[in-house]
Amino acid sequence: MNTLFVAVTVTFGHLLVASLAAFAFARLQFPGRDALFIVVLSTMIIPGEVTFMPLFMVIKTLGWIDQYAALIVPPLFGAFGIFLLRQFFRDIPRDLEDAARIDGCTIPGIYWHIILPLGKAALITLGLLVFMGEWGSFLWPLVVMNYPEKQVIQVGIAGFTTTYGIYWGRVMAASAMASVPIILLFVVLQKYYVRGIAMSGIKG
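Below, the structure is given as structure tokens:
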């Protein structure tokens with residue numbers, strides 16, 4: 002349940018943050034927009050090993066060690082999600098937005114009633130990618146979470162490896178059980194995943 006709670010919370014939180022940022026970069030006009038987007042995009046080339054220790058020190062300073070916040074807050078922000086959704090949002094016809102403005106729709110209303118419904122395929126695609134990433138997360142939870150009752154499933158599976166040997170039966174059984182939710186989720190959302198990748202990832 003810990004893994005499910007963390008993965009679901011991170012997924013919805015990441016979708017909210019990424020969609021708001023992508024909406025701003027794709028549909029709003031403000032000074033320095035393109036330069037700021039390049040800065041955000043450039044963070045994708047920074048290896049995770051470079052930011053691992055500084056991020057751990059920040060988490061430790063905030064007193065989040067052994068807290069769910071350490072597992073949930075850092076993954077909420079990521080350049081890839083912003084990039085993916087921005088590419089999709091840019092292709093939504095401006096006529097829909099202009100018509101909504103004429104009818105008195107505000108910017109938050111345009112985001113909620115036009116952009117999000119039309120961007121469902123891209124949102125589901127990103128949500129699936131984020132969920133799979135969090136479901137399979139191992140190193141970060143291992144470092145910031147010491148309480149066994151709060152650990153995620155991947156760390157729990159690794160616990161079957163001891164100095165006395167590896168309990169292969171338990172490892173295989175737990176791994177099979179851990180993979181079932183991902184398989185079911187992908188089967189159910191496969192058409193949205195393929196559509197979202199096709200419409201978001203290859204257009205400039």
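FYI, the numbering for the sequence shown is 2 to 205, going by our numbering. Virtual Cβ for every residue (Gly too), placed ideally from N, Cα, C.
**Prompt:** If you count every other CB in all the chains shown that lies within 10 Å of the CB of P142, and 16 or more means buried, which is it?
**Reply:** Label assigned to P142: buried.
**Item:** Three-state class that DSSP yields for A122 in the structure shown
**Value:** helix
**Item:** Alpha carbon of I1 to alpha carbon of V145, nearest angstrom
**Value:** Lying before the first or after the last residue shown, residue 1 is absent from the chain, which here runs from 2 to 205.
**Request:** From the DSSP output, read off the bridge partner residues of I167.
**Result:** Assignment of beta-bridge partners to I167 by DSSP yields T162.
**Message:** The alpha helix (DSSP H) that contains F24, what's its start and end?
**Reply:** N3 to R28
**Of the residues A71, A27, M173 and I158, the one placed nearest F84, counting alpha carbons only** = A27
**Prompt:** Are the stretch 87-94 and the stretch 119-127 touching, with three or more C-beta to C-beta distances below 8 Å?
**Reply:** yes
**Message:** Does the stretch 8-17 come into contact with the stretch 127-135, if we say contact requires no fewer than three beta-carbon pairs (one atom in each stretch) closer than 8 Å?
**Reply:** Yes: at least three Cβ pairs fall under 8 Å.
**Request:** Output the distance between the C-alpha atoms of G170 and A22, rounded to the nearest integer angstrom.
**Result:** Between G170 and A22, the C-alpha separation is close to 45 Å.
**Asked** How would you write the range of the alpha helix (DSSP H) that M54 sits in, first residue to last?
**Response** G49 to L63
**Prompt:** Is S138 helix, strand or coil by DSSP?
**Reply:** In the three-state scheme derived from DSSP, where H, G and I count as helix and E and B as strand, S138 is classed as coil.
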